[in-house]
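Numbering (my numbering), first residue to last: 2 to 333.
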């Protein structure tokens, strides 16, 4: 953290799209601790993870703008003053992207072009960190998955996120805007959406576990995943923002302890000391877009930025359960 504190000047002006959401709000709290001037932009659409409770305790130390990224006038005015832009806003549900493909296209492609055009026209010196997803790889051909793996998304969301990645790299290559892309794996922790599985299934599992309801694991539960606690992801975002070596790069995040979904459910029940899990057949809409096992090779991120996850899955789940045992009603 010392490296970040030295690189990020106390008076740095930082804008976070999706700033009232899960990762954005955790990032905002870290930036406030670093004495940055923080602007949060969020549309607070119902399908997103935006929640004003997420900034409880720092309300008076951040600026909040409820705005759609496609509002070019507002976004242009806001980006013009910033040193850094963490572009986190997105629609994340893979199932919903198949049911409402035009909505996903608007939010994950058109909105991203709107942000990039605002930066090109009004602040070409800004540094942008864009968060993408493991979903762009599709069904892995080999494990762990590195950045050289072919990109073959299995759903509309993955295709649109892949396009958004390329928009950012294109604007770096053609217009010289300093951009980098981080491909996130399953991020979890306080402030995540838990009332349903639109953001990530683990959030919903945590809700069910706390309520003592059975966790449903589809198939045999043998699919393997990797998980990053949100503090580790925030660390990666800050390192990418403050390192010129990251410019123009696409980098994986990942973990050291991938786990099968069945074993994850067992661990969650064990840590919570209540609840149960059960295996059920895949619903057809999920089977069509399931990617099987996935875990990432994050060695490029480590070699360029020195990043590696520090919080184990067990520790992170304990921290997350403790948070939601206190605050679950704020997220329902």
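Note that beta-carbon positions come from the ideal geometry of N, C-alpha and C, so glycine has one too. All figures in this text were calculated on a predicted structure; none of them were measured in a lab.
Taking the C-beta atoms as reference points, residue 249 is found nearer than 7 angstroms to residue 173. The three-state secondary structure of residue 278, taken from DSSP, is strand. For residue 64, the beta-bridge partners assigned by DSSP are 40.
For residue 29, the three-state secondary structure derived from DSSP is helix. The beta-carbon distance between residue 88 and residue 129, rounded to whole angstroms, is 6 angstroms. This is short enough to meet the 8 angstroms contact definition. The C-beta separation of residue 321 from residue 191 comes to about 6 angstroms, placing the pair in contact by the 8 angstroms criterion. If you draw a 10 Å sphere on the C-beta of residue 95, you find 16 or more other C-beta atoms in it, and that means buried. Our two residues, residue 85 and residue 214, have alpha carbons roughly 42 angstroms apart in a direct line. For residue 135, there is no enclosing alpha helix (DSSP H), as DSSP marks it with neither H nor E. Only buried fits residue 30, as 16 or more other CB atoms lie within 10 angstroms of its CB.
Secondary structure within the stretch 60-130: the beta strand (DSSP E) runs of 3 or more consecutive residues, fully enclosed, are 63-67 and 85-88 (chain order).
The beta carbon of residue 62 lies closer than 8 angstroms to those of 33 and 39 in the same chain, with the five residues before and after it left out.
Setting aside the 5 residues that flank it on each side, residue 115 is surrounded in the same chain by 70, 71, 73 and 76, each with a C-beta closer than 7 angstroms to its C-beta; the list follows chain order. Using a Cβ distance threshold of 7 angstroms, residue 306 and residue 242 do not count as a contacting pair.
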